[in-house]
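Visitor: Residue numbers (full-length UniProt numbering): 1 to 276.
One structure coming up, written as structure tokens, with questions to follow.
Laid out in structure tokens, this is it:
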């Protein structure tokens, strides 16, 4: 009896290479998408950053629109609407800082660190997602303000400049939120050192009333307030008013605060990643 030789074995496929680490840009985009989805699904964040500013807009217009028009001969919505747009970015500091603090001290950060991922993508993605959220809310609030009389009367370039100022202000707010979250030891510190200062800076700004309405001794402080400068820049770009000083002042605040927060956040984040 003849013995058949065994059939030759099929060549073994080479082992599939391990997946390449996600690029920095790609990972940042994924994390930014996660930030935006969390915002849309979080009812409390929607109330704080969208519903409350809109409620403030309608209530203040109902209470003071006629008074300001009769005493200042100014359509109050043209002054108030830019400030309300800014408050949507300013109010995001608290919610963003707390969300980032929670991520870092939960399993989310540890899971990301175990992946073949450049951890800088987490910070870039967080800032990018917040930027998208801030600009989206700013456009929404501007459209709602349009229904009560707010208008852009200086052409399309000024309109683009309007949202450019919002973008600068939002960049500063995002950088500040990241730095605060990395430095704070618990959420109570974030609330204490973010909520009160931002509220005071908003109330003590020329967004609600003109600078001349404040007592003379406090006008210099109100004038250099970043909220005042940004609000005046938005008012000038949308309707009329000074532009050079408010725009340059807003840019200076943005660059200065962002630079300081970047140094602080970079050092704290490096220690956090190294410590594991």
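Using N, Cα and C, we set each Cβ at its ideal position, and we do this for glycine too.
Per the contact definition of three or more C-beta pairs closer than 8 Å, is the stretch 82-94 in contact with the stretch 199-213?
Guide: Output reads yes: the stretch 82-94 touches the stretch 199-213.
Visitor: Could you tell me the alpha carbon to alpha carbon distance between residue 220 and residue 184, rounded to whole angstroms?
Guide: Distance between the alpha carbons of residue 220 and residue 184: 31 Å.
Visitor: Mind listing, in chain order, the continuous beta strand (DSSP E) runs of no fewer than 3 residues lying wholly within the stretch 84-139?
Guide: Fully enclosed beta strand (DSSP E) runs of 3 or longer: not present.
Visitor: So the alpha helix (DSSP H) residue 27 belongs to, where does it begin and stop?
Guide: Note, residue 27: alpha helix (DSSP H), 24-41.
Visitor: Mind reading off the beta-carbon distance from residue 173 to residue 90? Whole number of angstroms is fine, and I expect it under 8 Å.
Guide: At roughly 6 Å, the Cβ-Cβ gap stays under 8 Å, so residue 173 and residue 90 are in contact.
Visitor: In terms of residues, what are the limits of the alpha helix (DSSP H) holding residue 232?
Guide: Start and end: 226-238.
Visitor: Residue 57 to residue 127, Cα distance in whole Å?
Guide: Each residue's alpha carbon lies about 27 Å from the other.
Visitor: Going by CA-CA distance only, name the one from 180, 204, 167 that's closest to residue 280.
Guide: Because the chain in this structure spans residues 1 to 276, residue 280 falls outside the shown range and cannot be described.
Visitor: Roughly how many angstroms lie between the CA atoms of residue 252 and residue 164, to the nearest whole one?
Guide: Using only the alpha carbons, I get a separation of about 14 Å.
Visitor: If you pair each beta-carbon of the stretch 40-57 with each one of the stretch 92-105, do three or more pairs fall below 8 Å?
Guide: The stretch 40-57, when compared against the stretch 92-105, does touch it at the 8 Å Cβ threshold.
Visitor: Which first and last residues belong to the alpha helix (DSSP H) in which residue 192 is found?
Guide: Taken as a continuous stretch (DSSP letters only), the alpha helix (DSSP H) holding residue 192 covers 187-203.
Visitor: Please state the DSSP three-state secondary structure of residue 65.
Guide: Residue state, collapsed to three classes: helix.
Visitor: Is the stretch 139-150 touching the stretch 108-121, taking contact as three or more C-beta pairs under 8 Å?
Guide: With the cut-off at 8 Å, the stretch 139-150 and the stretch 108-121 do not touch.
Visitor: Figure out for me which residue from 104, 76, 62, 65 has the closest Cα to the Cα of residue 186.
Guide: Checking every option, the nearest Cα to that of residue 186 belongs to 104.
Visitor: What's the C-alpha gap between residue 130 and residue 96?
Guide: When rounded, the distance between both Cα atoms is 8 Å.
Visitor: Looking at the structure shown, is residue 147 part of a helix, part of a strand, or coil, going by DSSP?
Guide: Three-state DSSP puts residue 147 in coil, outside helix and strand.
Visitor: Consult DSSP for residue 209 and reduce its assignment to one of helix, strand or coil.
Guide: The answer is coil: DSSP assigns residue 209 none of H, G, I, E or B.
Visitor: For residue 101, is the classification buried or exposed, using 16 other Cβ atoms within 10 angstroms of its Cβ as the cut-off for buried?
Guide: When all chains shown are included, residue 101 counts as buried.
Visitor: Residue 158 and residue 237: beta carbons closer than 9 Å?
Guide: In contact: residue 158 and residue 237 (Cβ atoms closer than 9 Å).
Visitor: Label residue 235 either buried or exposed according to how many other C-beta atoms from any shown protein chain fall within 10 Å of its C-beta, with 16 as the threshold for buried.
Guide: By the neighbour-count rule (16 or more Cβ atoms within 10 Å), residue 235 is buried.
Visitor: Starting from the Cα of residue 226, find the closest Cα among 239, 217, 197, 213 and give me that residue.
Guide: For the residues 239, 217, 197, 213, the minimum Cα distance to residue 226 belongs to 197.
Visitor: Suppose you measure from the CA of residue 38 to the CA of residue 214; what does that come to, to the nearest Å?
Guide: Going from the Cα of residue 38 to the Cα of residue 214 covers about 40 Å.
Visitor: By the 10 Å Cβ neighbour count, where 16 or more other Cβ atoms means buried, how is residue 59 classified, buried or exposed?
Guide: The residue is exposed, with fewer than 16 neighbouring Cβ atoms inside 10 Å.
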